[in-house]
Structures are given as C-alpha cells and as structure tokens.
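Novice: Note that the sequence shown ends on residue 418 in the numbering used here; no numbers are left out.
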Amino acid sequence: MFKVGDLVVYGNNGVCTVDSIGPSSLSGADRSKDYYFLTPYYSGKCKIMIPCDNDRIVMRALITKDEANALIEDLDNISLMEITDEKSREQIYKNVIRGCDCREMFSLIKTIYLRKQTRLSEGKKVTSSDEKYFLIAEDKLYGELA
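Structure follows, in structure tokens:
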C-alpha cells in the first residue's frame, strides 16, 4: 500500500503523486472502499481516483536511482521486440505501454526507432502508430527516469 506523498507510476498517466487516501465523497462511489487520489506529476491538470484494491491497471512505485542507472547501463543488452504480424503490432505496442515496465519500454523505443530509420532509408514514411507509440513510450519512460 502506498502512502500520501508517494510518487507512483499509474497506467497511461505515468508518474503521479498520491494526494490522499480514503473513502470518496463522489456520488456513485462505493463509500465502503478506500481510494487513492492521484495527481499526474507532470501535468497536474486532472485528479485521478482509483480503488486501493484495484488490480486491473498497473500502479507501482517508481524505480530507484540504482535501478534506473542499471537499466541505462544495460541499454545495449535490451533486445528489440520481434513483431512478425503487422496486424498485431499496435496491440503489442499498447500492451507494453499499459504494462509500465521500464525495460519493455526501452525495448519498444529501440524497436520503433530502428524501424523508423529503416523505413526512412527505404524512402517510406513513418507510420502514424509508430510515431504515436514512440512519443508515448518516451514520455512515460523519460518522465520516470527524470
């Protein structure tokens, strides 16, 4: 369980601050449950309410400085993603983003970056889904590492 003031990674929202923990006063909310009330760290424009017993969306502590340094040092050893079915590419990208795993995020960034370079060298355009998920992965990963 997290405590007030903790920084966490929450789903597609990235780094968030735990503002408070307790029952919700919003209509329709289960008053017998406790909720985390989060604010996205980098945007702060919205508030997020999530049940403390949530198990559908990833919510985890930030990686430590030592873990971040180890990940960066091991960057050359992080393998590329092998996607053989173009029809499933976007779903695979989405799953990596939802999973909030830094190592997989690095793999996604490397994979899309090299794919972009290959397409450009062949005179092809970068796909919109590659561009979209590249930016999302960069934003989430670099936001956590910062």
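Glycine included, each C-beta is placed from N, C-alpha and C at the ideal position.
Just verifying my parser: in three-state terms, what is the DSSP assignment at residue 377?
Specialist: Looking at residue 377 - three-state DSSP - the assignment turns out to be helix.
Novice: When every heavy atom of the ligand SAM is checked, does at least one fall within less than 8 Å of the C-beta of residue 380?
Specialist: Judged by which ligands are present, the structure shown has none, so any question about the ligand SAM falls away.
Novice: Taking the alpha helix (DSSP H) that residue 406 belongs to, which residues open and close that run?
Specialist: 400-417
Novice: Can you check which of these residues, 311, 350, 301, 341, is closest to residue 280 by C-alpha distance?
Specialist: 311
Novice: With a 10 Å radius around its C-beta and 16 neighbouring C-beta atoms as the bar for buried, classify residue 409 as buried or exposed.
Specialist: buried
Novice: Following the continuous beta strand (DSSP E) through residue 332, name the residue where it begins and the one where it ends.
Specialist: 331-333
Novice: Taking the alpha carbon of residue 374 as the point to measure from, which residue in 414, 353, 302 has its own alpha carbon closest?
Specialist: 414
Novice: Bridge partners for residue 255 per DSSP, in chain order?
Specialist: An answer regarding residue 255 cannot be provided, because it is not within the stretch 273 to 418 covered by the chain.
Novice: Could you check which residue in 308, 354, 370 has the C-alpha nearest to that of residue 326?
Specialist: 308
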